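Chains as they are written, first to last, in our numbering: chain G, 1097 to 1215; chain Y, 808 to 1073.
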């Protein structure tokens, strides 16, 4: 390998490393306008707990479902069950677990919407 | 080394840097899949704050609500919630939510900076831009704090009605102060205002700097209003912006100050 090629490759590798460090560490892409569905697991569980608390106060199940829908496309009851799993693992207090559980029970009691185009 | 010897290194550096940046910014950027509520878009942030208030209205757990609010590092959360309540009221959001936000604003307005008073029991994780192992946000059992609310069942009665001649007010106002039987200000009370072509409502506690039991409504000159505390049976009728005289005998429209109190239960 000629020394020119060697220098070119050495420069390329150094430049690549500097570029990656700059792009990933020093000045990474900033996400400033995120949505609730990207929340970290602990914040997500706390969000669901707040929905459950709000539901316990106002009894508005439709509003609770709308709020849970912000966390992603899964069925609301699955989102609450995930939060309960997290809450159990992290030793949330008993009243909090009960509040979450009450919301899960209410969501389970909703009859599934009829399928369109069935026989 | 000669000058020509540096040229390939420099060329390699530039090309490598370009490839590195393209890869790290476009092809495989840092993914923020575990974000903090503080990085959310403004509308989601407003929904989140409203949810904090609704949860607080149920639990009455102010330290926990403050810990949740502290994530957003708002310089003055009481004002943030006041403004949010007014916006959500105008948007026609559910009354339970608007009332909860008003209560939150009132509770925060009654205290120093919430960021300084985050409960030591509640461990709130600091926002981290890089994917990390999730950290626990412990939610302690609610302490025995209660949401301020009027005594159930007892309707508010008009205690005092006073004409206010204050040229510094931005408009002729119907100012309402609601207190309980013990004389303590009551936030979150809904006030209905009716006139011949429409009606509106507002809540006490949305301007905590003027008192937790305070609320107001801007009158239009020449319109006659009726004011009623919701769930009260005695509307106050015939309220209009009456003339007041300023220092130089100039006329300006006056305001009304109505004080409602909850009677003591027998």
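Beta carbons are placed, not taken as given, at the ideal position from N, Cα and C, and that holds for glycine.
Note that this is a predicted model, so its numbers are computed, not measured.
Is residue 1068 of chain Y buried or exposed, if buried means 16 or more other CB atoms sit within 10 Å of its CB? buried
Give the secondary structure of residue 1021 of chain Y by DSSP, where H, G and I count as helix, E and B as strand, and everything else as coil. strand
DSSP three-state assignment for residue 781 of chain Y, whether helix, strand or coil: Lying before the first or after the last residue shown, residue 781 of chain Y is absent from chain Y, which here runs from 808 to 1073.
C-alpha gap between residue 992 of chain Y and residue 881 of chain Y, whole angstroms: 25 Å
Pull up the DSSP beta-bridge partners for residue 888 of chain Y, would you. Paired residue(s): none; residue 888 of chain Y is not in a bridge.
In chain order, which continuous runs of the beta strand (DSSP E) of length 3 or greater are located wholly inside the stretch 975 to 1024 of chain Y? 980 to 986, 997 to 1002, 1005 to 1010
Going by beta carbon distance, what residues of the same chain come within less than 7 Å of residue 853 of chain Y, once the five residues before and after it are set aside? 891
If you run the structure through DSSP and keep just helix, strand and coil, what is residue 851 of chain Y? helix
Test item: CB-CB of residue 1164 of chain G and residue 1172 of chain G under 8 Å: yes
As assigned by DSSP and simplified to three states, the class of residue 1127 of chain G: coil
Could you tell me whether the Cβ of residue 1129 of chain G comes closer than 8 Å to any Cβ of chain Y? yes
Taking residue 1120 of chain G as part of the alpha helix (DSSP H), name the residues at either end of that continuous run. Residue 1120 of chain G -> no alpha helix (DSSP H), and no H or E assigned at all.
Strictly under 8 Å for the Cβ-Cβ distance: is residue 1021 of chain Y near chain G by that measure? no
By how many angstroms is the C-alpha of residue 1118 of chain G removed from the C-alpha of residue 1101 of chain G? 25 Å
Going by the CB atoms, is the gap between residue 969 of chain Y and residue 1064 of chain Y shorter than 8 Å? yes
Residue environment, residue 927 of chain Y, which counts as buried when at least 16 other CB atoms sit within 10 Å: The predicted model places residue 927 of chain Y with a pLDDT of 32, which falls under 50 and marks its position as unreliable, so this point remains unresolved.
At 9 Å on the CB atoms, spell out the chain A contacts of residue 1147 of chain G, in chain order. Looking at the structure shown, chain A is missing, and the protein chains on hand are G and Y.
Helix, strand or coil, according to DSSP, for residue 842 of chain Y in the structure here? strand
Using the DSSP secondary-structure output, state which residues sit across from residue 1034 of chain Y in a beta bridge. Y:1000, Y:1043
Quick one: which residues of the stretch 999 to 1031 of chain Y get their C-beta closer than 8 Å to a C-beta of chain G? List them in chain order. none
With distances taken Cα to Cα, identify the nearest neighbour of residue 962 of chain Y among Y:869, Y:1012, Y:1040, Y:1052. Y:1040
For residue 1174 of chain G, tell me which candidate among G:1204, G:1134, G:1136 has the shortest Cα-Cα distance. G:1204
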